[in-house]
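Numbering (the numbering used here), first residue to last: 1 to 239.
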Amino acid sequence: MTERSRLAVLGAGHLGPVIARLAIKAGYPVAIAASGDPEDIALITELIIPGAQPRWAADAVADADIVLLAIPLHRFGDLDPGLLSGKLVIDAMNYWPASDGVVQAFEDGGSSEIVARRLAGSAVVKAFNHIGYHELEDRARPAGAADRGAVGIAGDDAAAVAATAALADRIGYDPVRLASLRAGRVLQPGGPVFGVVLARPEFQRATGEAAGDEATHNKAAGEEAAGDKAAREELRSLS
Ligand SMILES: NC(=O)c1ccc[n+]([C@@H]2O[C@H](COP(=O)([O-])OP(=O)(O)OC[C@H]3O[C@@H](n4cnc5c(N)ncnc54)[C@H](OP(=O)(O)O)[C@@H]3O)[C@@H](O)[C@H]2O)c1
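What follows is the structure in structure tokens.
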């Protein structure tokens, strides 16, 4: 995928417009959608995301190569997995019990793994979730800048990870690839890189140490399987 890959940003709240603006600046054609009629976001899009196309979510997704999820996790169940099938889906969502409600599966594990299980036909990559929307825009820097920050990229599909890393690089961040989608748990709220912008060496050190720590405390296989079953059940409650 290239900077001509079409990006559909789902979510026109805080995070979505920032990513849309950065991606437009980097040359990506961008469509943005909220949950309803694009007319409702037409004016705000024109004012704060010039160049982005406001669309119905289904239309934006249908024409996109890359879909970025910037919606509250508790609204994720509204999305039709069939619509996203075959797409590269970047999951920038976080689990916030205060607004999402307490969902046990998300308490126990990786939110993007649960997202990926529901979107079985998509290549899901976790990225852009760990930096606040203000910082994401303010701290974007061209490649090679001394104070460039890093963005973690976690996924199990090599091509999808590469395309997401290219997007991160083009919008102003050094991509740091993590070993797997599961390894992306270190990017979650409460993790060592959440809410801070770190340069690549510090980021690698922090995520590497956390990964080692997690491996030490890894659950037994039986517990994992039980956790997956519980996650599937919890997901049904979101749908
Ligand atoms: N805010 C941040 O700094 C930040 C940083 C990193 C990650 N995140 C994560 O990104 C997600 C969004 O956060 P936010 O602060 O941007 O939320 P927000 O300001 O509440 O905006 C949410 C947006 O999602 C839209 N939406 C809801 N359901 C949708 C659907 N089915 N299809 C398309 N759009 C839909 C809403 O549209 P309607 O108005 O039509 O409902 C709204 O535009 C959260 O999971 C959050 O944890 C946020």
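For each residue, glycine too, the CB sits at the ideal point set by N, CA and C. These numbers come from a predicted model, not from an experiment.
Quiz item: Residue ranges of each beta strand (DSSP E) run of no fewer than 3 residues wholly in the segment 70–156, ordered along the chain?
Solution: 88–91, 123–126, 150–155
Quiz item: By DSSP, does residue 188 sit in helix, in strand, or in coil?
Solution: coil
Practice problem: List in chain order the residues whose CB is within less than 6 Å of at least one heavy atom of ligand 1. | Solution: 10, 11, 12, 13, 14, 15, 16, 33, 34, 35, 36, 57, 70, 71, 72, 73, 75, 78, 79, 92, 93, 94, 96, 129, 132, 133
Exercise. Classify residue 178 as helix, strand or coil using the three-state DSSP reduction.
Key: coil
Exercise. Can you grab the Cα-Cα spacing for the pair residue 26 / residue 163, in whole Å?
Key: 14 Å
Quiz item: How would you write the range of the beta strand (DSSP E) that residue 10 sits in, first residue to last?
Solution: 7–10
Practice problem: Starting from residue 32, trace the beta strand (DSSP E) both ways and give me its first and last residue. | Solution: 30–33
Exercise. State buried or exposed for residue 116, treating a residue as buried only when at least 16 other CB atoms are found within 10 Å of its CB.
Key: buried
Exercise. Could you check what DSSP says for residue 198 in three-state terms: helix, strand or coil?
Key: coil
Quiz item: Helix, strand or coil for residue 54 per DSSP?
Solution: strand
Quiz item: Between which two residues does the alpha helix (DSSP H) carrying residue 38 extend?
Solution: Element bounds for residue 38: n/a, residue is neither H nor E.
Quiz item: For the alpha helix (DSSP H) that contains residue 26, what are its first and last residues?
Solution: Note, residue 26: premise wrong, no alpha helix (DSSP H); not H, not E.
Quiz item: From residue 36 to residue 17, what distance separates their C-alpha atoms?
Solution: 16 Å
Quiz item: For residue 18, which three-state DSSP category applies?
Solution: helix
Quiz item: If you draw a straight line from the alpha carbon of residue 92 to that of residue 8, how long is it in whole angstroms?
Solution: 13 Å
Quiz item: Hey, how far is the Cα of residue 169 from the Cα of residue 70?
Solution: 19 Å
Self-check item: Within 7 Å, strictly: CB atoms of residue 181 and residue 135
Solution: no
Self-check item: Cβ-based neighbour list, residue 165, same chain, cut-off 8 Å, excluding 5 preceding and 5 following
Solution: 153, 175, 177
Quiz item: residue 150 and residue 198: beta carbons closer than 7 Å?
Solution: yes
Quiz prompt | Rounded C-alpha distance that separates residue 193 from residue 5 | solution = 28 Å
Practice problem: Could you pull out every residue in the same chain whose Cβ sits closer than 6 Å to the Cβ of residue 57, ignoring the five residues on either side in sequence? | Solution: 10, 33
Practice problem: Go to residue 163, then tell me how far its alpha helix (DSSP H) extends in each direction, as first and last residue. | Solution: 158–171
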